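Report on the structure given below.
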Amino acid sequence: MDLGLKGRKALVCGASEGIGFASASLLAAEGVNLVLVGRTEEKLAKAAAALKDLHKVEVDYVPADLGQQEGRKAVLFHCSDPDILIHNGGWPRAERDFRKWSNEDWLRAVDLMMLSPIELITGVIDGMAERGFGRIVAVTSRFVKEPSAELALSTSPRLGLSGFITGVARKYASRNVTLNSALPGIIATETQFQHGRDLATAASKSFDEIWAERSSTNSANRFATPEEFASLCVFLCSAHSGFLTGQHILSDGAGYPGVF
Ligand SMILES: NC(=O)c1ccc[n+]([C@@H]2O[C@H](COP(=O)([O-])OP(=O)(O)OC[C@H]3O[C@@H](n4cnc5c(N)ncnc54)[C@H](OP(=O)(O)O)[C@@H]3O)[C@@H](O)[C@H]2O)c1
0 MDLGLKGRKA LVCGASEGIG FASASLLAAE GVNLVLVGRT EEKLAKAAAA
50 LKDLHKVEVD YVPADLGQQE GRKAVLFHCS DPDILIHNGG WPRAERDFRK
100 WSNEDWLRAV DLMMLSPIEL ITGVIDGMAE RGFGRIVAVT SRFVKEPSAE
150 LALSTSPRLG LSGFITGVAR KYASRNVTLN SALPGIIATE TQFQHGRDLA
200 TAASKSFDEI WAERSSTNSA NRFATPEEFA SLCVFLCSAH SGFLTGQHIL
250 SDGAGYPGVF
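Structure below.
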């Protein structure tokens with residue numbers, strides 16, 4: 000299926016690996032030119048070279064920390080007129096006991112998981128509306144639909160972001176600008192491999208045991224590939240998805256037990 004995106008320009012965050020890189024690759028395969036964001040310049044340069052080589056599209060990158068306002072400003076300075084924005088990447092590392100989270104922990108989490116996407120969306124959305132095309136996708140998490148106390152530091156700002164997305168989507172739907180969030184279940188990225196290794200060490204178990212235990216938390220009994228999840232993000236960016244907006248869509252191998 001031709002997604003109708005050839006020649007468009009996408010700003011993809013957290014794009015040097017994992018879900019962001021997979022999304023950038025699928026967009027590049029559709030002929031979309033890219034601006035990649037991440038903190039580490041070497042990783043971005045490597046990702047950009049690989050995508051350019053493979054798909055013959057224009058690929059630029061901005062090293063920036065999305066958890067800092069300066070970083071967000073640098074991104075918008077470099078790329079204020081994308082047709083597509085995928086906000087993705089990073090999560091606040093902290094103890095799992097919410098009673099131990101400091102005010103600073105909360106502010107860092109809100110900065111990265113809520114203010115970062117809101118500032119980038121605010122910076123690009125009017126240009127999209129003027130040009131009559133815009134697709135915005137925020138990658139959040141399955142925990143937005145099934146919150147837990149241990150992960151409230153990321154879930155709470157992400158729920159705030161979800162409300163922002165639905166509210167703003169209603170204002171821009173008539174201008175062919177859509178805003179949605181995509182909620183990953185468990186996706187086999189390097190971050191998850193590292194998490195698995197850490198859990199295995201802490202529990203004195205093998206990595207394979209931990210991976211199998213975690214896989215059994217959904218009905219598909221496995222992790223998704225980054226490309227499987229990215230294909231949801233990229234469909235939400237397609238020319239054909241103009242009526243699909245303000246939604247929060249889960250891809251989790253039927254891990255979530257509810258209907259809605
Ligand atoms: N993988 C899953 O199973 C899963 C499940 C639920 C939710 N999610 C969410 O999905 C998103 C992507 O996850 P992922 O597994 O692909 O791996 P990730 O480790 O969250 O993201 C990796 C990418 O994000 C960049 N990044 C991280 N922190 C950043 C920051 N502060 N500013 C700018 N770039 C940053 C990394 O590059 P640098 O390190 O160089 O900055 C890298 O390009 C995350 O927000 C995660 O919480 C993932």
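For what it's worth, numbering that gives the first Met the number 0 labels the leading residue of the sequence shown as 0, then goes sequentially. Ideal placement from N, C-alpha and C gives every residue a C-beta, glycine not left out. Just so it is clear, the structure is predicted and the values come from calculations on it, not from any experiment.
{"Query": "Write down every uninterrupted run of the alpha helix (DSSP H) in the segment 60-98 whose length is 4 residues or greater and which is fully enclosed by it, in chain order.", "Result": "68-77"}
{"Query": "Taking only the alpha-carbon atoms, compute the straight-line gap between K5 and P81 and give it to the nearest angstrom.", "Result": "13 Å"}
{"Query": "Do P116 and A137 come within 8 Å of each other at the CB atom, strictly closer than that value?", "Result": "yes"}
{"Query": "Between which residues of its own chain and S15 is the CB-CB distance below 7 Å, once the five residues before and five after are set aside?", "Result": "L35, G37, T39, K42, L43 and A46"}
{"Query": "Sort Y171, A199, A223 and E208 by Cα distance to L243 and report the nearest one.", "Result": "Y171"}
{"Query": "Which same chain residues end up closer than 6 Å to G159 when comparing Cβ atoms and leaving out the 5 residues on each side of it in sequence?", "Result": "M113"}
{"Query": "If you scan the segment 132-167 from start to end, which runs of the beta strand (DSSP E) of 3 or more residues do you find wholly inside it?", "Result": "133-138"}
{"Query": "Looking at the strands, I want to know which residues DSSP matches up with T177.", "Result": "R134"}
{"Query": "Contact criterion: CB-CB distance below 8 Å. Does L106 meet it with respect to chain D?", "Result": "Looking at the structure shown, chain D is missing, and only one protein chain is on hand."}
{"Query": "Taking Cβ positions, are V56 and V74 nearer each other than 8 Å?", "Result": "no"}
{"Query": "Is any heavy atom in ligand 1 found nearer than 7 Å to the beta carbon of L84?", "Result": "no"}
{"Query": "Using beta-carbon positions only, say whether L111 and G66 come within less than 8 Å of one another.", "Result": "yes"}
{"Query": "Would you decide whether T139 is buried or exposed? Buried here means 16 or more other CB atoms lie within 10 Å of its CB.", "Result": "buried"}
{"Query": "Is it buried or exposed, T224, if we count other Cβ atoms within 10 angstroms and call 16 or more buried?", "Result": "exposed"}
{"Query": "Going straight from the alpha carbon of S214 to that of D207, what length do you get?", "Result": "10 Å"}
{"Query": "State the CB to CB distance for the pair S153 and I164, rounded to an integer number of angstroms; the pair is presumed to be in contact (CB under 8 Å).", "Result": "Actually they do not touch by this definition, with Cβ atoms about 16 Å apart."}
{"Query": "Beta-carbon within less than 7 Å of R141's beta-carbon, same chain only, minus the 5 sequence neighbours each way: which residues are those?", "Result": "L182, P183, G184, L249, D251, G254 and Y255"}
{"Query": "Bridge partners for C12 per DSSP, in chain order?", "Result": "V36"}
{"Query": "Exposed or buried, M127, counting other C-beta atoms within 10 Å across all chains shown (16 or more means buried)?", "Result": "buried"}
{"Query": "Name the residue from G13, P146, L33 and F132 whose alpha carbon lies nearest to the alpha carbon of H54.", "Result": "L33"}
{"Query": "What is the DSSP secondary structure of S215, counted as helix, strand or coil?", "Result": "coil"}
{"Query": "Would you check whether ligand 3 has a heavy atom nearer than 7 Å to the C-beta of V138?", "Result": "Ligands displayed in this structure: ligand 1; ligand 3 is not among them."}
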